[in-house]
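Below, the structure written as structure tokens:
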């Protein structure tokens, strides 16, 4: 599986939330709130105020617990250790509450159906996972409360999806071309092979930078001496996404890779095994087999869709900022208490560390998988 880099600010919030329920990139505003009470509302000190409402500490804590138990990224514990992230999460919670109140009867009905399915999955998960059970008991989050939060997120997700669709329709060909012209080489279509010598492989073995570079040079020498890519990738590569396929990445957009890897893929002579390329993951031995230089006229639909989504992401982020401002949100979260360690994940999914054990790869970016209905990450299914 390709390993995304950690992102900051609102993008982190968007990725975490996208993994919970729907493909919802941002938030909005409004005046009417959902008629049903929110779990924990009115309990504890006020941690946020906004036009027509407030959020209390217990209410937000229940929402945070919900986010933890539905986290599929394994990194929620890391995110929640960052005060700025918690504030962003709280601000977006306010927006979701507001948008849930704007959902149509049809949307609310569908949201309730999804929430019932979620509650059933959660009950099944609680029978199998003691850690999940303990987590919910500790925060006093009940299955019914989790169902209500799931319904609220789904209802607001429908409304936000409509807004997203509206913004997407407004994107012009001129905007797409302007975005392409910023970095046309990102859309070169490249086929290459690579072997990664990681400095922190998933096996747990630690290598110094010098050791990794020495091993990468050994691999390069063996390849130049006629060694077989398939055999050497299986033996040496720490990229689990390609090691069993001779290190092959076929017909990929250059912009999908981290900068150093992308640069080599775009500039390295075709058919030549280049010197080891260093990235955050380690050293890559690369051989470019094919490179199709992109022009806007020959751009594939896949590439145009990717550019469109990049533009849409920016537009939605701007929309979120304006809508949050219009709500007049004021956050009064208490100062975080000193902690002996902030690295552990609070998710009962079994991931003890936000870094997990994912094998590094040259992929530059990615988004958490979307799910049509929230599913407990600790379900074991």
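In my numbering, the protein residues as written are 15 to 395. Note that CB positions come from ideal geometry on N, CA and C, so glycine has one too. Just so we're clear, the structure is a prediction, and the values are computed from it rather than from any experiment.
Check whether residue i and residue j have beta carbons under 9 Å apart
i: residue 69; j: residue 122; result: no
i: residue 257; j: residue 247; result: yes
i: residue 72; j: residue 91; result: no
i: residue 55; j: residue 113; result: no
i: residue 214; j: residue 221; result: yes
i: residue 60; j: residue 346; result: yes
i: residue 203; j: residue 151; result: no
i: residue 343; j: residue 77; result: no
i: residue 172; j: residue 117; result: yes
i: residue 212; j: residue 296; result: yes
i: residue 285; j: residue 301; result: yes
i: residue 312; j: residue 263; result: no
i: residue 62; j: residue 102; result: no
i: residue 155; j: residue 53; result: yes
i: residue 290; j: residue 336; result: no
Identified DSSP bridge partners for residue i
i: residue 68; result: 63
i: residue 300; result: 208
i: residue 161; result: Answer by DSSP bridge pairing: none, since residue 161 is not bridged.
i: residue 305; result: 204
i: residue 287; result: 301
Straight-line Cα distance separating residue j from residue i
i: residue 147; j: residue 135; result: 13 Å
i: residue 327; j: residue 274; result: 24 Å
i: residue 157; j: residue 133; result: 6 Å
i: residue 186; j: residue 124; result: 32 Å
i: residue 272; j: residue 261; result: 16 Å
i: residue 331; j: residue 324; result: 11 Å
i: residue 270; j: residue 276; result: 8 Å
i: residue 278; j: residue 108; result: 44 Å
i: residue 82; j: residue 310; result: 43 Å
i: residue 299; j: residue 255; result: 15 Å
i: residue 195; j: residue 115; result: 41 Å
i: residue 282; j: residue 292; result: 14 Å
i: residue 238; j: residue 252; result: 20 Å
i: residue 210; j: residue 198; result: 26 Å
i: residue 166; j: residue 75; result: 16 Å
i: residue 106; j: residue 97; result: 14 Å
i: residue 88; j: residue 175; result: 25 Å
i: residue 294; j: residue 79; result: 32 Å
i: residue 67; j: residue 201; result: 46 Å
i: residue 145; j: residue 348; result: 27 Å
i: residue 249; j: residue 280; result: 27 Å
i: residue 329; j: residue 225; result: 45 Å
i: residue 183; j: residue 339; result: 24 Å
i: residue 84; j: residue 131; result: 14 Å
i: residue 127; j: residue 86; result: 22 Å
i: residue 191; j: residue 149; result: 49 Å
i: residue 240; j: residue 228; result: 19 Å
i: residue 100; j: residue 179; result: 28 Å
Helix, strand or coil at residue i [DSSP, three-state]
i: residue 267; result: strand
i: residue 112; result: helix
i: residue 262; result: strand
i: residue 344; result: strand
i: residue 293; result: strand
i: residue 52; result: coil
i: residue 326; result: helix
i: residue 76; result: helix
i: residue 153; result: helix
i: residue 171; result: helix
i: residue 185; result: coil
i: residue 199; result: helix
i: residue 83; result: helix
i: residue 105; result: helix
i: residue 57; result: coil
i: residue 215; result: coil
i: residue 253; result: coil
i: residue 89; result: coil
i: residue 135; result: helix
i: residue 229; result: helix
i: residue 337; result: helix
i: residue 177; result: helix
i: residue 127; result: helix
Take every Cβ of the region 237-246, pair it with every Cβ of the region 315-324, and state whether three or more of those distances are shorter than 8 Å. no
If we count Cβ pairs, one from each stretch, closer than 8 Å, do we get three or more for the region 161-176 versus the region 294-310? no
Any chance the region 88-106 sits against the region 138-153, with 3 or more Cβ pairs inside 8 Å? no
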